[in-house]
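So the protein lines, in turn, are chains A and B. The first sequence runs 811 to 866 under our numbering. The second sequence runs 744 to 911 under our numbering. The C-beta atom is built at its ideal place from N, Cα and C for all residues, glycine as well.
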Amino acid sequence: MVNVINSKKEQPAKNQVDLVEYLLERKRSTLKEIKEDFNRPEIQEIIKKMQLKDAR
Amino acid sequence: MQDNQLVYEFQYAGGHSHTYIFKTDFEIFYEIKFKEFDYFFSETKSYAKYTYEFVIGVLWNPNKKPLTFDSKISATIAAIVFDFFNKIEEPIILYICDSGDGRQMSRSRKFSSWFNEFQRPEFTKLDFVLHDKHNIQVPISMILKLSNPYFEEVIIDFKKIISEYHQK
């Protein structure tokens, strides 16, 4: 039984629709995180290093 | 693997989600995450804590270039997955194909083609198709090593989770 996490607590998914909705929501949230990572200083640093390496 | 001309150089940024970054020849930056998914299997299972969701997304596309086919991306993803398997003890990887834009089956075929192209004999992949509330297919795949000490249990459990939901 997969535990579906909502904002307050973990609840077991009741059926396949529940499970799929949860999996898709989780996936979309991670894709959003990836976009937001762009603003993280440590990620910016990696991006800059990669760009500098290419410029050389 | 990183010195191979057919593979983009990648950086491990670490973090809770085991983040990797690479940049293509078209100046598109991709990020790959292996996000902990320890509650996919029952937390009482020893292998639950080794379960991760694999997610790839565009981190930055400064010139708004189209995301065209690039064989080096596939090779780089394979290199990153192998690197992750070397870093983490016996991981179990789940890949869910997003159905938001209706291209989930195409993503699934691409993922399978990628796996077949770069497969090493020590890995196996299981595929299932779930259905959402609109009866739209949502493919899910699991990759693990044949040498995983919980291999049989994981396979049975994965099939059980999927079939349990099919029955409801």
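Helix, strand or coil for residue i per DSSP?
i, result
"Asp864/A", "helix"
"Lys876/B", "coil"
"Asp844/B", "coil"
"Leu749/B", "coil"
"Ser839/A", "helix"
Do you know offhand how far residue i's Cα is from residue j's?
i, j, result
"Lys851/A", "Ile820/B", "The question names Lys, yet the displayed sequence has Pro at residue 851/A. Going by the C-alpha atoms only, they are around 24 Å apart."
"Tyr763/B", "Asn849/A", "16 Å"
"His759/B", "Asn878/B", "34 Å"
"Ala791/B", "Val798/B", "18 Å"
"Leu834/A", "Asp841/B", "6 Å"
"Thr811/B", "Leu829/A", "32 Å"
"Thr840/A", "Lys876/B", "21 Å"
"Glu774/B", "Lys903/B", "32 Å"
"Glu831/A", "Leu837/B", "16 Å"
"Ile857/A", "Lys815/B", "19 Å"
"Glu846/A", "Arg838/A", "12 Å"
"Asp781/B", "Asp870/B", "19 Å"
Excluding five sequence neighbours on each side, which residues of the same chain lie with their C-beta closer than 8 Å to the C-beta of residue i?
i, result
"Gln880/B", "Ser842, Gln847, Met848, Val872, Leu873 and His874"
"Pro912/B", "What the structure shows of chain B is the stretch from 744 to 911, and residue 912/B is not part of that stretch, so it cannot be assessed."
For residue i, which residues in the same chain have their Cβ closer than 6 Å to its Cβ, ignoring the five residues on either side in sequence?
i, result
"Ala818/B", "Leu749 and Val750"
At least one CB of chain A closer than 7 Å to the CB of residue i: is that the case?
i, result
"Leu887/B", "no"
"Val750/B", "no"
When you compare the CB of residue i with every CB in chain B, is at least one pair closer than 7 Å?
i, result
"Gln854/A", "no"
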